[in-house]
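Structure first, commentary second.
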Amino acid sequence: LPPPMSAIAGKVFFPALCLGTGFLGCWQSKRYFEKVELIERQDLLLKAGVDAPSSSLDVDFADGLSHVVTLSGTFRHQDECVVGPRGPPPGALAKDGPMSGRGGGGLSSSPQGFYVISPFVLRDGRVVLVNRGWDSVSHLNADYDRPDNVVDLTVVTSSCEEGGMFSPPPISPFKKNTGRSQPTLLWLEEEALRTLTNITKTREPKLRMLKEVVSSGGGLGTGKGRTLVRPTIEQAVEFKVQPETHAGYAATWFSLSAAGVFMTRKLLKNVPK
Numbered sequence: 004l005p006p007p008m009s010a011i012a013g014k015v016f017f018p019a020l021c022l023g024t025g026f027l028g029c030w031q032s033k034r035y036f037e038k039v040e041l042i043e044r045q046d047l048l049l050k051a052g053v054d055a056p057s058s059s060l061d062v063d064f065a066d067g068l069s070h071v072v073t074l075s076g077t078f079r080h081q082d083e084c085v086v087g088p089r090g091p092p093p094g095a096l097a098k099d100g101p102m103s104g105r106g107g108g109g110l111s112s113s114p115q116g117f118y119v120i121s122p123f124v125l126r127d128g129r130v131v132l133v134n135r136g137w138d139s140v141s142h143l144n145a146d147y148d149r150p151d152n153v154v155d156l157t158v159v160t161s162s163c164e165e166g167g168m169f170s171p172p173p174i175s176p177f178k179k180n181t182g183r184s185q186p187t188l189l190w191l192e193e194e195a196l197r198t199l200t201n202i203t204k205t206r207e208p209k210l211r212m213l214k215e216v217v218s219s220g221g222g223l224g225t226g227k228g229r230t231l232v233r234p235t236i237e238q239a240v241e242f243k244v245q246p247e248t249h250a251g252y253a254a255t256w257f258s259l260s261a262a263g264v265f266m267t268r269k270l271l272k273n274v275p276k
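Sequential numbering from 4 applies to the sequence shown in the working numbering.
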């Protein structure tokens, strides 16, 4: 007699499950080695950038690394927007603990607030977007430094964010968290940023994102009035997901695959042929 369908399904499903978890373990192992290499490249680039930062935007914004750049120009504060709620820059308020902005797998239990994104007009007329820093929910409506003169900035290159299948719309319909008249961004989607900051594709075909940093000693910026929380250069280039996290995921998937192989062998031995 032919074996029952449940036996056939078991012989297909459980080995496939073992293969799937094993594949995920291999993928996380690959991500581990890629992240180690990326951090090594970032360390070399950081050392060169701190010693001699670029004064030009002719750097690669798409290589996955953060380049140190110095800029001169004026902020267009009337077109700024905020994105959040999010935790503070990692390490800007504390090295570790709940205030550090760090957590396993990029998660944290830090205080929540908003990042201020402002257009910055360069001396040659080009416009870039600068993440000026973080402010807590309780302080966001108070006055913070908004220089109206020409300023020199040290920034690191950044990028817009790509939404996933289940990402909410980038512009939040709620304004009560900030008390501002303009909408709040939930994530940094390019078209939403262009809309809220009045930067058209005709004016700037390529939207460049940068993070303002402080050169040393803590996470507070400089300027008149209360300062926003800003990272140092070292903190700004820190990867959210470290190699140790990928190693932990790989170990978990490989363990599940090995356990699945053991249990599947025992199960299939009892299946009638």
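All residues carry an ideal CB built from backbone N, CA and C; glycine is no exception.
Computed from a predicted model, the values in this text were never measured in an experiment.
task = Report the partner residues of Glu-215 according to the DSSP bridge assignment.
result = Along the sequence shown, one-based indexing puts residue 215 at 212. Val-158, per the DSSP bridge assignment.
key: Member of Ala-19, Glu-193, Lys-50 whose CA lies at the smallest distance from the CA of Val-240   = If you number the sequence shown from 1, residue 240 lands on position 237. Answer by Cα proximity: Lys-50.
task = Specify the secondary structure class of Leu-47 as computed by DSSP and reduced to three states.
result = In the sequence shown, counting from the first residue as 1, residue 47 sits at position 44. Note: Leu-47 maps to helix in three-state DSSP.
inquiry  = So the candidates are Thr-248, Ser-113, Glu-194; which of them puts its Cα closest to the Cα of Glu-165?
reply    = As a first step, residue 165 must be located in the sequence shown, where it is residue number 162. Among Thr-248, Ser-113, Glu-194, the Cα nearest to that of Glu-165 belongs to Glu-194.
query = Are the C-beta atoms of Gly-263 and some chain B residue less than 8 Å apart?
reply = Going by chain labels, chain B is absent from the structure shown, which holds only one protein chain.
request  = Inspect the beta-carbon positions of Val-72 and Leu-188 and report whether they are closer than 8 Å.
outcome  = Counting from one through the sequence shown, the residue named residue 72 turns up at place 69. Counting from one through the sequence shown, the residue named residue 188 turns up at place 185. Contact: no.
ask   = What's the call for Thr-235, buried or exposed, on a 16-neighbour Cβ count within 10 Å?
value = As a working mapping, residue 235 is identified with position 232 in the sequence shown. So Thr-235 ends up on the buried side.
request  = Using DSSP bridges, identify the partner residues of Leu-74.
outcome  = Translated into the one-based positions of the sequence shown, residue 74 becomes position 71. Leu-74 pairs with Leu-156.
task = Out of Pro-186, Phe-26, Arg-233, Gly-128, state which residue places its alpha-carbon closest to the alpha-carbon of Asp-148.
result = Indexing the sequence shown from 1 puts residue 148 at position 145. For the residues Pro-186, Phe-26, Arg-233, Gly-128, the minimum Cα distance to Asp-148 belongs to Arg-233.
inquiry  = Checking 8 Å against the spacing of the C-beta atoms, do Pro-246 and Lys-38 come in under that value?
reply    = In the sequence shown, the residue the question calls residue 246 occupies position 243. In the sequence shown, the residue the question calls residue 38 occupies position 35. Yes, they are a contact pair.
query = Can the beta-carbon of Leu-210 be found closer than 8 Å to that of Leu-231?
reply = Counting from 1 along the sequence shown, the entry for residue 210 is found at position 207. Counting from 1 along the sequence shown, the entry for residue 231 is found at position 228. In this structure, Leu-231 does not lie closer than 8 Å to Leu-210 by Cβ.
Cβ-based neighbour list, Pro-18, same chain, cut-off 8 Å, excluding 5 preceding and 5 following = Here residue 18 corresponds to residue number 15 of the sequence shown, with the count starting at 1. Taken in chain order, the residues that qualify are Thr-267.
request  = Identify which residue in Ser-161, Pro-150, Trp-190 has its Cα closest to the Cα of Gly-167.
outcome  = The sequence position of residue 167 within the sequence shown is 164, counting from 1. The residue with the shortest Cα to Cα distance from Gly-167 is Trp-190.
task = Classify His-70 as buried or exposed, calling it buried when 16 or more other Cβ atoms lie within 10 Å of its own Cβ.
result = On the sequence shown, residue 70 is found 67 positions in, with the first residue counted as 1. Burial call: buried.
ask   = With a Cβ-Cβ cutoff of 8 Å, do Ser-58 and Arg-126 count as a contact?
value = Residue 58 sits at position 55 when you count from the first residue of the sequence shown. Residue 126 sits at position 123 when you count from the first residue of the sequence shown. Not closer than 8 Å, so no.
query = How close, in whole Å, do the beta carbons of Ala-253 and Gly-28 come, if the pair is a contact with beta carbons under 8 Å?
reply = Start at 1 with the first residue of the sequence shown, and residue 253 comes out as number 250. Start at 1 with the first residue of the sequence shown, and residue 28 comes out as number 25. Rounded, the Cβ-Cβ distance is 5 Å, consistent with contact.
task = Apply the 10 Å Cβ neighbour rule to Ser-170 and answer buried if 16 or more other Cβ atoms are within range, or exposed otherwise.
result = Within the sequence shown, numbered from 1, the residue matching residue 170 stands at position 167. The residue is exposed, with fewer than 16 neighbouring Cβ atoms inside 10 Å.
inquiry  = Under DSSP, the beta strand (DSSP E) around Ile-120 begins and ends at which residues?
reply    = Walking along the sequence shown from the start, residue 120 turns up at place 117. That run of the beta strand (DSSP E) goes 116 to 125.
key: Backbone secondary structure at Thr-225 - three-state DSSP   = In the sequence shown, counting from the first residue as 1, residue 225 sits at position 222. Any reading at Thr-225 is ruled out, since the residue's pLDDT is 43, under 50, leaving its predicted position unreliable.
key: Simplified DSSP assignment, three categories, for Arg-135   = Translated into positions along the sequence shown, residue 135 becomes position 132. Three-state result, Arg-135: strand.
Gly-25 vs Ser-260 beta-carbon contact at 8 Å = Here residue 25 corresponds to residue number 22 of the sequence shown, with the count starting at 1. Here residue 260 corresponds to residue number 257 of the sequence shown, with the count starting at 1. Taking 8 Å as the Cβ cut-off, Gly-25 and Ser-260 qualify as a contacting pair.
inquiry  = Let me make sure I understand the geometry here. Which of Asn-134, Gln-45, Glu-83, Pro-122 has the alpha-carbon closest to that of Pro-186?
reply    = Looking up residue 186 in the sequence shown gives position 183. Ranking Asn-134, Gln-45, Glu-83, Pro-122 by Cα distance to Pro-186 puts Glu-83 first.
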